[in-house]
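Each protein sequence line maps, in turn, to chains A and B. For the first sequence, position 119 matches number 228 in our numbering, and the numbering has no gaps at all. For the second sequence, position 54 matches number 55 in our numbering, and the numbering has no gaps at all. Backbone N, C-alpha and C define an ideal beta-carbon position, used for all residues, glycine too. Small disclaimer: the values here were computed from a predicted structure and weren't measured.
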Amino acid sequence: MNENRRQILEMLAAGKVNADEAERLLAALEPESANSFGGFTGTIAGANGASEAAVKTRAKYLRVLVEATEKDAPTTVNVRVPMQLLRAGVRLASLIPAQAHEQLDATLSKHGIPLTLSQIKPENLEELIDHLEDLTVDVDAREEKAKVRVFCE
Amino acid sequence: MTPNIAIVRIETPHCHRISLWIPLFLLWIPAVLLSPLIVLVIVGLSIAGRIDPWQATSVFWNILCSLPGTNVRVTADGSNVAVRIL
């Protein structure tokens with residue numbers, strides 16, 4: 110609570126102003142407090158952003174770990190793919206000729222995937238890769254004795 | 002940055018551990034010597050596929066430059082194969 114607001118409330122408590130006058134005085138303070146509050150949140154947001162950036166560094170790799178037991182012999186697959194490679198890889202989609210899009214869309218929808226490739230833009234794919242950083246997939250199939258982990262690091 | 006070295010490690014229960022360092026940077030020599038042929042192939046394939054040759058080159062160059070850092074390790078039946086691209 111700032112000093113002006115406290116003074117108004119003290120005046121109201123002392124009976125120097127009535128409730129309506131106090132309300133008008135408080136309302137008159139609103140823009141000032143809103144500005145100061147806005148500046149305050151801006152500072153906090155900036156500080157949080159900096160701290161988040163410091164704490165959460167950008168993921169560089171996509172890791173896929175598979176552990177399975179086949180014929181009582183353990184099989185493990187450990188793949189580390191740079192996120193940059195994923196970004197470059199999704200740009201391959203831009204090389205698909207326009208006339209092939211319709212055929213692909215028809216085939217995908219026939220298999221129950223209602224996807225329109227022509228509507229997917231490079232920026233959508235970039236966004237998809239960016240959101241992969243928050244992805245963690247853990248599959249633990251106990252009957253099959255297999256474990257799959259997909260995550261970014 | 003293009004990949005410079007690929008390290009391939011193969012380990013089987015029957016033979017000793019094999020570690021191969023493949024100097025990928027040496028591939029620049031044949032690549033430069035064969036560059037006219039490579040350009041012709043790229044342009045030919047791009048025309049056949051009705052795609053922009055510059056765009057195709059850019060995409061494949063980006064993929065090539067993103068390869069360093071790739072690491073694949075597979076262990077099965079006591080054998081171990083690891084590939085690292087630096």
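So with Cβ pairs under 8 Å, would you call residue i a contact of chain B?
| i | result |
| --- | --- |
| A:Gly221 | no |
| A:Val259 | no |
| A:Ala168 | no |
| A:Ser227 | no |
Taking the straight line between their C-alpha atoms, what separation do you get for residue i and residue j?
| i | j | result |
| --- | --- | --- |
| A:Lys219 | A:Asp239 | 30 Å |
| B:Gln56 | B:Val40 | 13 Å |
| B:Val60 | B:Phe26 | 20 Å |
| A:Leu195 | B:Arg18 | 31 Å |
| A:Asn127 | A:Leu244 | 58 Å |
Provide the residue(s) that pair with residue i in DSSP beta bridges, ordered along the chain.
| i | result |
| --- | --- |
| B:Ser20 | B:Arg10 |
| B:Ile86 | B:Ala7 |
| B:Pro37 | BP columns for B:Pro37 are empty, so no partner. |
Apart from the five residues on each side of it in sequence, which residues of its chain come closer than 8 Å, Cβ to Cβ, to residue i?
| i | result |
| --- | --- |
| B:Ile43 | Pro54, Ala57 and Thr58 |
| A:Thr184 | Val175, Glu176, Ala177 and Thr178 |
Under a CB-based cut-off of 8 Å, is residue i close to chain A?
| i | result |
| --- | --- |
| B:Leu34 | no |
| B:Thr3 | no |
| B:Val40 | no |
Using three-state DSSP, classify residue i as helix, strand or coil.
| i | result |
| --- | --- |
| A:Leu234 | helix |
| A:Thr216 | helix |
| B:Ala77 | strand |
| A:Val126 | coil |
To which residues of the same chain is residue i closer than 6 Å at the C-beta, ignoring the five residues directly before and after it?
| i | result |
| --- | --- |
| A:Ser227 | His210 |
Could you pull out every residue in the same chain whose Cβ sits closer than 7 Å to the Cβ of residue i, ignoring the five residues on either side in sequence?
| i | result |
| --- | --- |
| B:Asn5 | Leu25, Phe26 and Leu87 |
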